[in-house]
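What the sequence shown shows, in this note's numbering, is residues 7 to 99, in sequence order. C-beta: ideal position from N, C-alpha, C; glycine also. Just so we're clear, the structure is a prediction, and the values are computed from it rather than from any experiment. See below for the structure under consideration.
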Amino acid sequence: DAVFASGIYLHGMSNDFVDNRVANWQNTIFSPGGTVPFGKGGAWGKICPRHAPFGVWRGQVTHGGARFGLYLDNQYPRDLDRFGSTEWCTVDN
């Protein structure tokens with residue numbers, strides 16, 4: 007789908023992104039947090055990607071994107087315990 011064509015397309019904001027170079031995509035870095043708000047597959051109901059805390063972001067270079075260089079759609083990070091808990095999400099939050 008041309009609307010979501012992205013150099014980096016992600017749901018896991020807790021990943022670390024260090025020294026990436028992305029050019030000439032529709033969206034160079036796109037994170038659609040609202041599309042899978044309660045996780046996906048076996049992770050459904052155990053993690054909320056839209057509430058996951060951000061990992062390390064350092065040294066990103068993006069250019070030539072037709073729409074956005076960095077698009078964090080519906081990301082509402084919370085101060086969650088990334089390492090002490092296996093479930094970050096309840097369906098009602």
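Is it buried or exposed for residue i, if we count other Cβ within 10 angstroms and need 16 for buried?
i      : result
Trp-31 : buried
Asn-80 : exposed
Asp-25 : exposed
Ala-58 : buried
Asn-33 : buried
Val-62 : exposed
Gly-13 : buried
Give the DSSP bridge partners of residue i, in chain order.
i      : result
Ala-29 : His-69
Leu-76 : Ile-35
Ile-53 : DSSP, once it has assigned bridges, lists no residue as partnering Ile-53.
Tyr-82 : Tyr-82 pairs with nothing; no bridge assigned.
Val-62 : None; Val-62 has no bridge partner.
Ser-12 : Asn-33
Phe-23 : Trp-63
Determine the closest residue to residue i out of the options, with distance taken between C-alpha atoms.
i      : options                           : result
Thr-41 : Gly-71, Arg-27, Phe-74 and Gly-18 : Gly-18
Cys-54 : Ile-35, Asn-33 and Arg-84         : Arg-84
Ile-35 : Tyr-15, Arg-27, Asn-21 and Val-62 : Tyr-15
Tyr-82 : Pro-38, Arg-73, Gly-71 and Gly-75 : Pro-38
Is the Cβ of residue i closer than 9 Å to any Cβ of chain B?
i      : result
Trp-31 : Looking for chain B here will not work: only one protein chain is present.
Touch test, the stretch 60 to 67 against the stretch 39 to 48, Cβ-Cβ under 8 Å, three pairs minimum | no
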